[in-house]
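Please read the structure below before turning to the comments.
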Amino acid sequence: MRLVPALVGVAATAVVAAATVTAGGAGATTLPEPAATNTSGCVATAPLPARLSVGRSGHVRIASTLTGNAACGQWEDDGAEAILVAGDGRRVAQLQWPHAFGQVAFHDVWASDVRPGRYTIERGTVHLYTSSYSPLTTQWVPTSTDVRYAGRFAAVHAATTGRGLTITATAERFRRDDLFHGFGHVRVTLQRRTGSSGSSGSSWTSAASATANGKGVVRFAVRPGTYRLSFAATPTVWGATSHAIGARSVINSR
Numbered sequence: 010m011r012l013v014p015a016l017v018g019v020a021a022t023a024v025v026a027a028a029t030v031t032a033g034g035a036g037a038t039t040l041p042e043p044a045a046t047n048t049s050g051c052v053a054t055a056p057l058p059a060r061l062s063v064g065r066s067g068h069v070r071i072a073s074t075l076t077g078n079a080a081c082g083q084w085e086d087d088g089a090e091a092i093l094v095a096g097d098g099r100r101v102a103q104l105q106w107p108h109a110f111g112q113v114a115f116h117d118v119w120a121s122d123v124r125p126g127r128y129t130i131e132r133g134t135v136h137l138y139t140s141s142y143s144p145l146t147t148q149w150v151p152t153s154t155d156v157r158y159a160g161r162f163a164a165v166h167a168a169t170t171g172r173g174l175t176i177t178a179t180a181e182r183f184r185r186d187d188l189f190h191g192f193g194h195v196r197v198t199l200q201r202r203t204g205s206s207g208s209s210g211s212s213w214t215s216a217a218s219a220t221a222n223g224k225g226v227v228r229f230a231v232r233p234g235t236y237r238l239s240f241a242a243t244p245t246v247w248g249a250t251s252h253a254i255g256a257r258s259v260i261n262s263r
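For what it's worth, the working numbering labels the leading residue of the sequence shown as 10, then goes sequentially.
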């Protein structure tokens, strides 16, 4: 990295306020055409996945590779920085890319500090300058990701009872104390597979639904077959789907 002390913090950045995008990766980000008044023609962004989950590791890493359009590579650069902001407007961290394009910047958010919702990388500044060290203006496209706690099913059991099948499971959600807990009173759907596994005609259809008890435990009595369980996402917890369940199977047992 070539440091130009007199220019650090000088290069201006024009933020594209109406161009916030959520990207699955660098290839999925569409950059706008530079404004007519943009000196460098460089449009930069830091793509993020659409969603991130806080689970067993106890934290989530929000990481992004700085990318830009072709014009960004025509000039000398001296790094970049941007602000990571939570959905409530709280400033979470300052991200830095020491050598600008192609570099990865990240920040770890721990379960106890997570505020479920949208996290945005905004107010970015890329320090570009000419061969004569004149600072250049760039455009920045904000990106965002949706962060929530993980959900899962545990202690999933299926056993034949007479001519039927009894399925029991515990719906769980991750919490701020770094542990999974029973997801009490969540609505759980039982789906039955029709057709052979792996065949083009195979599909899942809703067979029943029930509300878990206060500890997240749910029970279904159904005719023999192959099933799976699911619950929908909430504003703070991602939804979950179990593996396929058949007679005498035990999945995700604790």
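All C-beta atoms, glycine included, are put in the ideal place defined by N, C-alpha and C. Small disclaimer: the values here were computed from a predicted structure and weren't measured.
With respect to the C-alpha of L57, the residue from D187, W84, Y128, T177 having the closest C-alpha is Y128. Setting aside the 5 residues that flank it on each side, T177 is surrounded in the same chain by H166, R228, each with a C-beta closer than 6 Å to its C-beta; the list follows chain order. Residue ranges of uninterrupted beta strand (DSSP E) with 3 or more members, entirely inside the region 160–203 and ordered along the chain, are 160–170, 173–183, 189–191, 196–203. Residue pairing for Q112: DSSP places it in no beta bridge. A contact is defined here as three or more CB-CB pairs under 8 Å, and the region 75–92 meets this definition with respect to the region 128–140.
Burial check for L75: the Cβ neighbour count within 10 Å reaches 16 or more, so the residue is buried. G82 carries a helical assignment under DSSP once its states are collapsed to helix, strand and coil. Here F110 is actually not in contact with I71; their C-beta atoms are around 19 Å apart, not less than 8 Å.
Here R60 is not near T198, since their CB atoms are 8 Å or more apart. When DSSP states are grouped into helix, strand and coil, D87 belongs to the strand group. Here S66 carries a coil assignment [DSSP, helix/strand/coil]. A straight-line Cα-Cα distance of about 10 Å links V69 and D122. A direct Cα-Cα distance of roughly 6 Å separates I130 from P151. The beta carbon of S215 sits closer than 7 Å to those of T198, Q200, all from its chain and outside the five residues before and after it, given in chain order.
One alpha carbon belongs to A95, the other to V118, and they sit about 11 Å apart.
DSSP, read as helix, strand or coil, puts S121 in helix.
Here A253 is not near S239, since their CB atoms are 8 Å or more apart.
As the crow flies, the alpha-carbon of G64 is around 9 Å from that of R182.
For G193, the CB contacts under 8 Å within the same chain, skipping 5 residues up- and downstream, are A221, N222, G223, K224, G225 in chain order. Boundaries of the beta strand (DSSP E) harbouring I130: 126–138, taken from the DSSP string.
If you ignore the 5 residues before and after S251, its C-beta comes within less than 8 Å of the C-beta of F162, V165, A178, R237, L238, S239, I260, N261, all in its own chain and listed in chain order.
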